[in-house]
Amino acid sequence: MEGTRRADIKPGIEVMVELSEDKRTGRLTGGKVKEVLTTSPNHPHGIKVMLENGLVGRIKQII
């Protein structure tokens, strides 16, 4: 499942995110959602979240 709809994202779910510094390489980082940062109902590049470890990125995949 893609992470472009805010309604699909809840704190605690496991996701793969693309961090800002990894945009060029496309490297994904896994973790659990702590907080949803995007306020719009959807976003074409992925919903921005903060992971439990404090990293911030856009969701590319929901595990």
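Residue numbers (my numbering): 11 to 73.
By construction, the Cβ of each residue, glycine as well, lies at the ideal position given by its N, Cα and C atoms.
Start and end residues, beta strand (DSSP E) containing residue i
i, result
"G64", "Per DSSP, G64 belongs to no beta strand (DSSP E) and is neither H nor E."
"E45", "T39 to V46"
Buried or exposed by the 16-neighbour rule on C-beta atoms within 10 Å, applied to residue i
i, result
"G40", "exposed"
"K58", "buried"
"E31", "exposed"
Bridge partner(s) assigned by DSSP for residue i
i, result
"I69", "V27"
"K58", "R68"
"R15", "N52"
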